[in-house]
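Q: Be aware that the sequence shown starts at 1, since it is given in UniProt numbering, and climbs by one per residue.
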Amino acid sequence: MQQAYVAIAAGRPLALATKTSSLQSWAEHLQAYAQSPALTQELDYWQTQLQDVSDALPCDHPHGGQQQKHALLVVTQLNGEQTRQLLQDAPAAYRTQINDLLLTALARVVSRWTAQPHALIRLEGHGREDLFDTLDITRTVGWFSNLYPVRLTPQATLADSLMTIKEQLRAVPDKGIGYGALRYLGSESARQTLQALPLGSIVFNYLGQFDGSFDAQGALFTPSAESSGASHSADAPLAAPLSINGQVYGGELRLSWTFSGAVFERDTVQRLADEYAVELQQLIAHCTTDGVAGVTPSDFPLARLSQSQLSSLPIPAAQIEDIYPLAPMQQGMLFHTLFEQDAGNYINQMRVEVSGLDVPRFRAAWQTTLDAHEVLRSGFVSHLEQSLQVVLRNVSMPFVELDARAQSGEWIDDWANADRQQGFDLARGPLLRLAVLRTGEQTHQLIYTSHHILMDGWSSSRLLGEVLQRYSGQTLSRQVSRYRDYIEWLQRQDAALSERFWTGQLAELDEPTRLVQAFKASGSEQGHGDYLQLIDADGTRQLNEFAREQRVTLNTLVQSAWLLVLQRYTGQSSVTFGATVAGRPADLPGVEEQLGLFINTLPVIASPRPEQRVADWVQQVQAKNIALREHEHTPLYEIQRWARSAGEALFDNILVFENYPVSEALQQSAPQGLVFGGLHTQEQTHYPLTLVVNLGEILSMRFSYARQHFSEQHMAQLSAHLRQVLQALVRDPQAAIGELALLDD
Numbered sequence: 001m002q003q004a005y006v007a008i009a010a011g012r013p014l015a016l017a018t019k020t021s022s023l024q025s026w027a028e029h030l031q032a033y034a035q036s037p038a039l040t041q042e043l044d045y046w047q048t049q050l051q052d053v054s055d056a057l058p059c060d061h062p063h064g065g066q067q068q069k070h071a072l073l074v075v076t077q078l079n080g081e082q083t084r085q086l087l088q089d090a091p092a093a094y095r096t097q098i099n100d101l102l103l104t105a106l107a108r109v110v111s112r113w114t115a116q117p118h119a120l121i122r123l124e125g126h127g128r129e130d131l132f133d134t135l136d137i138t139r140t141v142g143w144f145s146n147l148y149p150v151r152l153t154p155q156a157t158l159a160d161s162l163m164t165i166k167e168q169l170r171a172v173p174d175k176g177i178g179y180g181a182l183r184y185l186g187s188e189s190a191r192q193t194l195q196a197l198p199l200g201s202i203v204f205n206y207l208g209q210f211d212g213s214f215d216a217q218g219a220l221f222t223p224s225a226e227s228s229g230a231s232h233s234a235d236a237p238l239a240a241p242l243s244i245n246g247q248v249y250g251g252e253l254r255l256s257w258t259f260s261g262a263v264f265e266r267d268t269v270q271r272l273a274d275e276y277a278v279e280l281q282q283l284i285a286h287c288t289t290d291g292v293a294g295v296t297p298s299d300f301p302l303a304r305l306s307q308s309q310l311s312s313l314p315i316p317a318a319q320i321e322d323i324y325p326l327a328p329m330q331q332g333m334l335f336h337t338l339f340e341q342d343a344g345n346y347i348n349q350m351r352v353e354v355s356g357l358d359v360p361r362f363r364a365a366w367q368t369t370l371d372a373h374e375v376l377r378s379g380f381v382s383h384l385e386q387s388l389q390v391v392l393r394n395v396s397m398p399f400v401e402l403d404a405r406a407q408s409g410e411w412i413d414d415w416a417n418a419d420r421q422q423g424f425d426l427a428r429g430p431l432l433r434l435a436v437l438r439t440g441e442q443t444h445q446l447i448y449t450s451h452h453i454l455m456d457g458w459s460s461s462r463l464l465g466e467v468l469q470r471y472s473g474q475t476l477s478r479q480v481s482r483y484r485d486y487i488e489w490l491q492r493q494d495a496a497l498s499e500r501f502w503t504g505q506l507a508e509l510d511e512p513t514r515l516v517q518a519f520k521a522s523g524s525e526q527g528h529g530d531y532l533q534l535i536d537a538d539g540t541r542q543l544n545e546f547a548r549e550q551r552v553t554l555n556t557l558v559q560s561a562w563l564l565v566l567q568r569y570t571g572q573s574s575v576t577f578g579a580t581v582a583g584r585p586a587d588l589p590g591v592e593e594q595l596g597l598f599i600n601t602l603p604v605i606a607s608p609r610p611e612q613r614v615a616d617w618v619q620q621v622q623a624k625n626i627a628l629r630e631h632e633h634t635p636l637y638e639i640q641r642w643a644r645s646a647g648e649a650l651f652d653n654i655l656v657f658e659n660y661p662v663s664e665a666l667q668q669s670a671p672q673g674l675v676f677g678g679l680h681t682q683e684q685t686h687y688p689l690t691l692v693v694n695l696g697e698i699l700s701m702r703f704s705y706a707r708q709h710f711s712e713q714h715m716a717q718l719s720a721h722l723r724q725v726l727q728a729l730v731r732d733p734q735a736a737i738g739e740l741a742l743l744d745d
């Protein structure tokens, strides 16, 4: 009305927002909703809540009339400072809403008054719940309010009372709208069941803050001090024996207690209201005391923890921002890190020379980036039924600055290796650290060490880019999507559908593929080694041209060659290896900008036949990769379980195709005056062999191997054979695989 009035008064055309769904449409949908199987199942919840609980109140005159003509009113009010604390300060302690605090105080007072362990309160909600995708009632005028009973159970202490009642309120399905639908619109049996159960003799309705609705300086309409007159017939029944309506106006909370003077003496209700005011003030004082904090299961719905499990976490509640389960790849990394703590698996390190660095500014840029991304502040706990990642609210970036100008390159190498060997305490974030070693007047060496469980390579490139953008003074927009959104997406996926897909894939595999068994190693060597195979620019161009002509990716071409190598080395007709996939679901908004570990390692299973043409073979591998995309979120341990391999790994080698060069991120994002030199990275998995393929002007293939199983000679031979197979494939797409000289004798 105000918008229309102002427009007309100013001579402007009247342009109101588009009409939303009608009240009639809402009523029709609600009628159908009341008969739905989902709501029928909700009946069990209401039966459980309302059984064995009394809604009787200690009335002064039990047989007195309860009509409007007997209505009396007493008032509870908080002053401005108490109201400010209630609205702004108190909710932070236990992550509550205003209603949680108001109802906890009420439940404690009512429970003492009735001498009952529970307080049955009838709540009134706005009723505009998001139940139907096809309806929009955000601007619909009508009466949508709903009433529903809740059983609240106060405890001995204020803290326990608040946490218990908070959880009881969060457990109400869809804010109680199903109760009225079942009681008045449900099946006959549902209506009879609920009508036989107590409803609650006290109605409570907190209407919210009205200060913003009636701006005294700019509003045409403000509340009137005069009475509006009787809104009900004098003989109409009261809504309940005791009704409490609260609102904030003028910066103060006011609660009106309406009751029948023929049932209660005024002193009785006034005493109850006064006790409530004291209880609420004590609750506010408790919640605003320094050091008071508590979390409950509803704060972290993805984690599905009990209160006792939450309390067992070795982290102060005030420091916890979020808790959620691990992604599939994170689970595997956590297991192998804990199982082989001294192996150094999944501890990544990047070293790079830089000149012109402003160290304090660089450190501040890292800290700001850490503050911006929750995943960077994560630690991992594994003592519960399921492992969880715990996001901390405030974490300082571990940062070391050393003067190494008098030290040798060997000393710096030893320092970096020792830093990497320290590893991380996974339970205590952050799982990354930075060292800046000064090597000259204007030069430094950056040593960035992190645990792979936090991020994949794509995320690492984005992270470094963001740090350099902030270093150059750019203000980045706030990240809307979070890593928890991906974890929530994972929980919505259909596991049965993925099981059917992978069961079909596994039917082709006769036995696990063990490349290790094709070589004879001493077994006495320890540690890891790297062997690099490069394909020059001309050879790389030929591979790219072939892939374009066949309409496959270069990744597919390398996988096709690797499968043939595995078949020749193992002598198995069907072979498999682990392929690392990007894992970022296309239907998750903002996923490309998120930091985190999205990659997954999955088996690529194939049975190359001698008579197959090269062109058909690479197309077959491409088709497998495309089919796999819809199920690339599946945990590898589940696939191994479906393979009935008794927990035995399906492969001992993985192939990683990287398309996120960190060096490019550094060069492209570097502000003027900052020059980066050569980049050296060190990564290590728990697999005996990890083949990492990087595409640039030249194709690089890095074989990272466990010396316990392979020697450098083995890697030289294996890499040469892979190169030879790639060259053979692109030579003639019409040739049969069996006719190719794939390996030297």
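Beta carbons are placed, not taken as given, at the ideal position from N, Cα and C, and that holds for glycine.
Given this structure, state the Cα-to-Cα distance separating GLU611 from TRP415, to the nearest angstrom.
A: Near 55 Å, if we compare the C-alpha coordinates of TRP415 and GLU611.
Q: Output the distance between the C-alpha atoms of TRP489 and GLU374, rounded to the nearest integer angstrom.
A: TRP489 and GLU374: Cα-Cα distance of roughly 17 Å.
Q: Rank HIS686, ALA159 and HIS721 by C-alpha distance to the C-alpha of LEU338 and give the top, closest one.
A: Checking every option, the nearest Cα to that of LEU338 belongs to HIS686.
Q: Count Cβ pairs between the stretch 478-495 and the stretch 578-592 that sit closer than 8 Å; are there 3 or more?
A: As far as the Cβ criterion goes, the stretch 478-495 touches the stretch 578-592, which means the pair count is three or higher.
Q: Taking Cβ positions, are HIS528 and SER704 nearer each other than 8 Å?
A: Yes. Within cutoff.
Q: Should ARG361 be labelled buried (16 or more other beta-carbon atoms within 10 Å of its own) or exposed?
A: So ARG361 ends up on the exposed side.
Q: Can you tell me the Cα-Cα spacing of ASP413 and LEU691, whole angstroms?
A: If I take the Cα positions, the gap works out to 24 Å.
Q: Looking at C-beta atoms only, is the number of pairs between the stretch 19-38 and the stretch 147-161 that lie closer than 8 Å three or more?
A: Contact between the stretch 19-38 and the stretch 147-161 is absent, because fewer than three Cβ pairs lie under 8 Å.
Q: Using the beta-carbon count (16 or more within 10 Å), is ARG122 buried or exposed?
A: Counting Cβ neighbours within 10 Å, ARG122 comes out buried, since at least 16 surround it.
Q: Looking at the secondary structure, which residues open and close the alpha helix (DSSP H) in which VAL75 lies?
A: Run containing VAL75: none in the alpha helix (DSSP H); it sits in the beta strand (DSSP E), 71-77.
Q: Using a 10 Å radius around the Cβ and a threshold of 16 neighbouring Cβ atoms, would you call LYS520 buried or exposed?
A: Exposed, by the Cβ-count rule.
Q: Could you name the residues of the same chain whose beta carbon sits closer than 7 Å to that of ARG470, not counting the 5 residues immediately before and after it, in chain order?
A: So the list reads ALA365, THR368, THR369 and LEU476, once near-sequence residues are dropped.
Q: Between the Cα of HIS444 and those of ALA406, SER472, PRO430 and ARG428, spot the shortest distance and give me the residue it belongs to.
A: For HIS444, the nearest C-alpha among the options comes from ALA406.
Q: Once DSSP output is grouped into helix, strand and coil, what is the label at GLY11?
A: Coil, per DSSP.
Q: Are the stretch 73-84 and the stretch 275-283 touching by the rule of at least three beta carbon pairs closer than 8 Å?
A: At 8 Å Cβ cutoff, the stretches touch.
Q: Could you round the C-beta distance between VAL430 and VAL395 to whole angstroms and report it? I think they count as a contact, below 8 Å.
A: Rather than Val, the amino acid found at residue 430 in this sequence is Pro. Yes, they are in contact, since the Cβ atoms of PRO430 and VAL395 sit about 5 Å apart, within 8 Å.
Q: From GLY457 to GLU683, what does the alpha carbon distance come to, in whole angstroms?
A: In a straight line, the C-alpha of GLY457 is about 11 Å away from that of GLU683.
Q: Would you check if the stretch 502-510 and the stretch 638-647 touch, i.e. whether three or more CB-CB distances between them fall below 8 Å?
A: Flag = yes, the stretch 638-647 and the stretch 502-510 touch.
Q: Is there contact between the stretch 372-388 and the stretch 305-325, where contact requires at least three CB pairs shorter than 8 Å?
A: Touching, yes.
Q: Starting from LEU392, follow the beta strand (DSSP E) in both directions and report where the run begins and ends.
A: Taken as a continuous stretch (DSSP letters only), the beta strand (DSSP E) holding LEU392 covers 388-392.
Q: Evaluate the contact criterion for the stretch 706-718 versus the stretch 730-737: three or more CB pairs, one atom per stretch, below 8 Å.
A: Contact between the stretch 706-718 and the stretch 730-737 is absent, because fewer than three Cβ pairs lie under 8 Å.
Q: Helix, strand or coil for HIS286, going by three-state DSSP, please let me know.
A: Three-state DSSP puts HIS286 in a helix.
Q: Out of ALA496, SER189 and TYR206, which has the shortest C-alpha to C-alpha gap to ALA34?
A: Looking at the Cα atoms, SER189 is the closest of the given residues.
Q: Indicate the three-state DSSP secondary structure (helix, strand or coil) for ASP44 in the structure shown.
A: Looking at ASP44 - three-state DSSP - the assignment turns out to be helix.
Q: Tell me the rounded alpha-carbon separation between TYR5 and THR140.
A: About 19 Å.
Q: What does GLU124 pair with, by DSSP beta-bridge criteria?
A: In the DSSP output, where bridge partners are listed per residue, GLU124 has LEU147.
Q: Is the Cβ-Cβ distance between ALA427 and GLY379 less than 8 Å?
A: Yes.
Q: For SER459, collect the residues of the same chain with a Cβ closer than 7 Å to its Cβ; drop the 5 residues on either side in sequence, then sort them by chain order.
A: Around SER459: LEU595 and GLY596.
Q: Would you check if the stretch 86-105 and the stretch 223-234 touch, i.e. whether three or more CB-CB distances between them fall below 8 Å?
A: Flag = no, the stretch 223-234 and the stretch 86-105 do not touch.
Q: Output yes or no for whether 8 Å exceeds the beta carbon distance between LEU120 and ARG151.
A: Yes; because the gap between Cβ atoms is below 8 Å, this pair is in contact.
Q: Please return the same chain residues whose Cβ sits closer than 7 Å to the Cβ of ASP267, not counting the five positions on each side in sequence.
A: Answer for ASP267: no residue qualifies.
Q: State the start and end residues of the unbroken beta strand (DSSP E) segment that holds ASN653.
A: Per DSSP, ASN653 belongs to the beta strand (DSSP E) from 653-658.
Q: Figure out for me which residue from ILE453, ASP55 and GLY583 has the closest Cα to the Cα of GLU198.
A: First, the amino acid is wrong: residue 198 is Pro here, not Glu. The candidate whose alpha carbon is nearest that of PRO198 is ASP55.
Q: With DSSP as the reference, identify every bridge partner of VAL141, one or two as the case may be.
A: Note: VAL141 sits in no beta bridge, so no partner.
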